[in-house]
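J.: In numbering that gives the first Met the number 0, the protein residues as written are 0 to 340.
Sending over a structure as structure tokens; questions will come in a sec.
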Amino acid sequence: MAKGVQARAGGAFGHLVQSTTLDFHFFRVYISPMLTQILYIALGAFLLWFSADWIVDSAAAIARRFRVPELVIGLTIVAIGTSAPEFIVTATAAFKGLSDMALSNVVGSNIFNLGVILGLMAILRPIVASRTVVLRDGLLLFAVMALTTGFAFIGEIGRIEGLILIGILLTYILVLIFRRPKTHCDEQANCNERSATWIDYPKLAAGFAGVSLGGTLLVDGASTLALHLGVSTWAIGVTIVAAGTSLPELVTCLSASIKGKNDMLLGNLIGSDLFNFCGVLGVTGVLHPIEISQTAMPSMTMLIGSMAIILLCMRTGWKISRKEGALLLVLGFARWIPSFL
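In structure tokens form, the structure reads like this:
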């Protein structure tokens with residue numbers, strides 16, 4: 000009988016050990032990697048917020064130092080810096096043969112910028128839009144979207160198409176530099192704010208580096224978690240990865256809105272989207288042609304329609320009201336639905 004009790008005890012102990020081993024195996028295989036990715040996401044979000052605040056503060060100070068309008072700084076330096084994660088993800092995906100991920104990241108990022116971010120900023124504080132922003136920058140972005148969609152119908156963004164897009168971007172930057180209006184203290188919104196010192200230049204560079212690292216960590220973490228759900232490559236790219244790489248624009252615009260820098264906010268969003276299409280897709284197409292599948296066409300067509308709505312919103316009263324911002328926010332999230340369907 001003692002042997003029977005001992006055997007049952009041994010069996011119970013063995014079952015407990017086996018159960019504990021299975022639980023540990025489940026934690027090690029499933030739970031632990033997810034916790035690691037969540038840590039990456041949290042760290043990436045912190046770096047994005049902290050670095051974007053440095054970018055806005057330093058770029059504005061440098062603009063005042065050289066009497067450059069903050070709109071020009073937002074359309075160029077800040078826009079290129081916050082688009083660094085898009086370029087990293089798109090180029091990497093293209094070289095790995097993931098064309099859907101490469102294109103969907105850019106398309107999804109612009110959808111997030113022009114829908115979610117612009118709409119959210121308008122809800123927080125109505126955004127004033129000047130004639131220059133609407134008639135020059137907005138219409139140019141609309142034309143570039145239409146041109147890129149035309150390339151998509153061909154089926155590829157290759158070296159020729161890439162060079163055309165790069166040429167448009169370089170011409171635009173040169174026009175901004177050489178035809179920028181002269182600014183005086185009484186024309187600027189905040190003349191009493193500080194001008195740039197030597198620390199702002201390394202601070203701006205550190206901000207760009209932090210944005211790139213934070214975006215990479217967040218995208219890697221979010222993508223790994225999404226893959227566990229069995230989501231397609233295009234859907235991941237146009238939603239989670241795109242939203243992750245757009246977080247620099249989100250936190251930069253939020254910081255600019257809090258500080259009352261309306262020109263830098265609009266300049267960052269429009270300039271970032273132009274750089275995404277012309278710079279990111281252009282350079283990537285020259286380095287490694289991007290094949291475009293029919294999966295991309297609905298999202299690209301909807302993006303053009305959304306840009307037309309945004310131009311109309313900015314033209315009505317030369318501002319985007321809170322109600323119009325709510326409309327853009329809803330459209331921004333609604334455009335994710337076809338990607339999953």
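Just so you know, even glycine gets a beta-carbon here, dropped at the ideal spot from N, CA and C.
Fair warning: this is a prediction, and the values are worked out from it, not measured in the lab.
CB-CB under 7 Å to residue 189, same chain, minus the five flanking residues each way: which ones, in chain order?
T.: Along the sequence shown, read from residue 1 onward, the residue named residue 189 stands at position 190. Reliability of the predicted coordinates at residue 189 is poor, the pLDDT of 47 falling under 50, and no value is obtained from them.
J.: Note down the Cα distance separating residue 342 from residue 107, rounded to an integer number of angstroms.
T.: With the chain covering 0 to 340 only, the question about residue 342 has no answer from this structure.
J.: Does DSSP classify residue 122 as helix, strand or coil?
T.: Position 123 of the sequence shown, counted from the start, is the residue given in the question as residue 122. In this structure, residue 122 counts as helix in the three-state DSSP scheme.
J.: Is the region 39-58 close to the region 205-217, with three or more CB pairs under 8 Å?
T.: In short, these stretches touch, since the Cβ pair count reaches three.
J.: Identify which residue in 104, 39, 65, 36 has its Cα closest to the Cα of residue 283.
T.: For the purposes of this step, residue 283 is taken as residue 284 along the sequence shown, with counting starting at 1. The candidate whose alpha carbon is nearest that of residue 283 is 104.
J.: Can you give me the Cβ contacts of residue 141 inside the same chain, cut-off strictly under 8 Å, excluding the 5 residues immediately before and after it?
T.: Position 142 of the sequence shown, counting from 1, holds the residue named residue 141. So the qualifying residues of the chain are 303, 306, 307, 310.
J.: Where in the region 225-288 do unbroken runs of the alpha helix (DSSP H), each at least 4 residues long, occur, reported from the N-terminal end onward?
T.: Runs of the alpha helix (DSSP H) inside the region 225-288: 232-235, 241-244, 246-257, 261-273, 281-286.
J.: Around the C-beta of residue 202, are 16 or more other C-beta atoms found within 10 angstroms, so that it is buried, or is it exposed?
T.: The sequence position of residue 202 within the sequence shown is 203, counting from 1. Classification for residue 202: buried.
J.: The alpha helix (DSSP H) spanning residue 147 covers which residue range?
T.: The residue you call residue 147 lines up with position 148 of the sequence shown. Looking at the DSSP string, the run of the alpha helix (DSSP H) that includes residue 147 is 138-153.
J.: Near residue 94, what residues of its chain come up, given a Cβ to Cβ distance below 7 Å and the 5 sequence neighbours on each side ignored?
T.: Looking up residue 94 in the sequence shown gives position 95. Excluding sequence neighbours, residue 94 sits near 287.
J.: Only counting the same chain, and skipping five residues up and downstream in sequence, which positions put a Cβ closer than 7 Å to that of residue 244?
T.: The residue labelled residue 244 in the question sits at position 245 within the sequence shown. Same-chain partners within the cutoff: 84, 85, 88, 104, 108, 214, 218.
J.: Please determine, among 38, 42, 224, 35, the residue with the shortest C-alpha to C-alpha distance to residue 212.
T.: Position 213 of the sequence shown holds residue 212. For residue 212, the nearest C-alpha among the options comes from 42.
J.: Which of helix, strand or coil does DSSP assign to residue 319?
T.: Residue 319 sits at position 320 when you count from the first residue of the sequence shown. Note: residue 319 maps to strand in three-state DSSP.
J.: Considering only their Cβ atoms, is the gap separating residue 265 from residue 73 smaller than 9 Å?
T.: In the sequence shown, residue 73 corresponds to position 74, counting from 1. In the sequence shown, residue 265 corresponds to position 266, counting from 1. Yes. Within cutoff.
J.: What does a CB cutoff of less than 8 Å around residue 55 pick up in its chain, not counting 5 residues either side in sequence?
T.: For the purposes of this step, residue 55 is taken as residue 56 along the sequence shown, with counting starting at 1. 77, 251, 254, 255, 258, 260, 263, listed in sequence order.
J.: Using a Cβ-Cβ cutoff of less than 8 Å, which residues in the same chain neighbour residue 127 once the five nearest sequence positions on both sides are dropped?
T.: Start at 1 with the first residue of the sequence shown, and residue 127 comes out as number 128. So the list reads 261, 317, 318, once near-sequence residues are dropped.
J.: May I ask you to report which of helix, strand or coil DSSP gives residue 172?
T.: As a position in the sequence shown, residue 172 is number 173, starting the count at 1. It is helical.
J.: Only counting runs of 3 or more residues, tell me where the beta strand (DSSP E) segments fall wholly within the region 40-112, in order along the chain.
T.: None, since the region 40-112 contains no complete beta strand (DSSP E) of that length.
J.: With 16 as the cutoff for other CB atoms within 10 Å, does residue 16 come out buried or exposed?
T.: Along the sequence shown, read from residue 1 onward, the residue named residue 16 stands at position 17. Here the model assigns residue 16 a pLDDT of 44, short of 50, so the residue's position is not dependable, and the following value carries that caveat. Under this definition residue 16 is an exposed residue.
J.: Can you give the Cα-Cα distance for residue 112 and residue 157, rounded to whole angstroms?
T.: If you number the sequence shown from 1, residue 112 lands on position 113. If you number the sequence shown from 1, residue 157 lands on position 158. Looking at the two C-alpha atoms, the distance is approximately 25 Å.
J.: In terms of residues, what are the limits of the alpha helix (DSSP H) holding residue 308?
T.: Numbered from 1 along the sequence shown, position 309 holds the residue referred to as residue 308. Here the alpha helix (DSSP H) through residue 308 covers 296-314.
J.: Check whether the Cβ atoms of residue 220 and residue 92 lie closer than 9 Å to each other.
T.: The count along the sequence shown starts at 1 and reaches residue 220 at position 221. The count along the sequence shown starts at 1 and reaches residue 92 at position 93. Contact: no.
J.: Consult DSSP for residue 23 and reduce its assignment to one of helix, strand or coil.
T.: For the purposes of this step, residue 23 is taken as residue 24 along the sequence shown, with counting starting at 1. Caution applies to residue 23, whose pLDDT of 47 falls short of 50 and renders its modelled position unreliable; the value that the coordinates give is listed next. Looking at residue 23 - three-state DSSP - the assignment turns out to be helix.
J.: Write down the C-beta distance between residue 222 and residue 210 rounded to the nearest angstrom, noting that I regard them as a contact closer than 8 Å.
T.: For the purposes of this step, residue 222 is taken as the residue at position 223 of the sequence shown. For the purposes of this step, residue 210 is taken as the residue at position 211 of the sequence shown. Between residue 210 and residue 222 the Cβ distance is about 18 Å, and since that is not below 8 Å, they are no contact.
J.: What does DSSP give as the partner residue(s) for residue 198 in the beta ladder?
T.: Start at 1 with the first residue of the sequence shown, and residue 198 comes out as number 199. Looking at the DSSP assignment, residue 198 forms no beta bridge with any residue, so it has no partner.
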